[in-house]
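Read through the structure below, which is laid out as structure tokens, and then see the notes.
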Amino acid sequence: MKEDGEEKAASASESSMSNTPPVPTTPIASVWTQKAMERAAAHAAAAPKSPMTKREAKEKPMQRFYPTKTPVLPDSKSPRKQKTRHSENPPVELPVGWVLGARSRTTSMNKDESVMEELASRLPPSHASVSLLRENGFIQTVYTEWRTQCLKQRSALGFDVPR
Numbered sequence: 001m002k003e004d005g006e007e008k009a010a011s012a013s014e015s016s017m018s019n020t021p022p023v024p025t026t027p028i029a030s031v032w033t034q035k036a037m038e039r040a041a042a043h044a045a046a047a048p049k050s051p052m053t054k055r056e057a058k059e060k061p062m063q064r065f066y067p068t069k070t071p072v073l074p075d076s077k078s079p080r081k082q083k084t085r086h087s088e089n090p091p092v093e094l095p096v097g098w099v100l101g102a103r104s105r106t107t108s109m110n111k112d113e114s115v116m117e118e119l120a121s122r123l124p125p126s127h128a129s130v131s132l133l134r135e136n137g138f139i140q141t142v143y144t145e146w147r148t149q150c151l152k153q154r155s156a157l158g159f160d161v162p163r
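All residue numbers for the sequence shown refer to UniProt numbering, where the first residue is 1 and numbers rise by one.
Below, the structure is given as structure tokens:
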């Protein structure tokens, strides 16, 4: 009976195979696929470009990050250039830069303070709102001064009082 069951299964599988269309074979390679295969083979056989990559191909990859050198103070016995930097009392060396601006940094602003006040009083206000604010008693204060006044008032009244 077992043999009969096996024969039936084999005949069923043969009949199902006959119903499926045959798998088409791979078409003949075109010129483009041949060229691609040639390029891939040439690339695989190409020699590494540097000794490091050649070595890495044979062994494990090498480290590419190197530790920084710690600053080492040279001993005092080794010869030095004749500079003041290496003398007993070296000068203080500061970085050099340029300061750009409209006026020279050597002139003082206090000299021309009275002239500036005169010019400010002669010049008309730049906007009508400025003169209106002055007429209504507006006093311009620096933000830091205003902030300190607000903090003093808040501490005097208490933190929970909205005002």
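All residues carry an ideal CB built from backbone N, CA and C; glycine is no exception.
Using three-state DSSP, classify V130 as helix, strand or coil. helix
Kindly list the residues whose CB is nearer than 8 Å to the CB of V142, restricted to its own chain and excluding five residues on each side of it in sequence; keep chain order. none
Starting from Q149 and walking both ways along the alpha helix (DSSP H), at which residues does that stretch end? Y143 to L157
Coil, strand or helix - K77 by DSSP: Look at K77 here: in three-state DSSP terms it is coil, with no helix or strand label.
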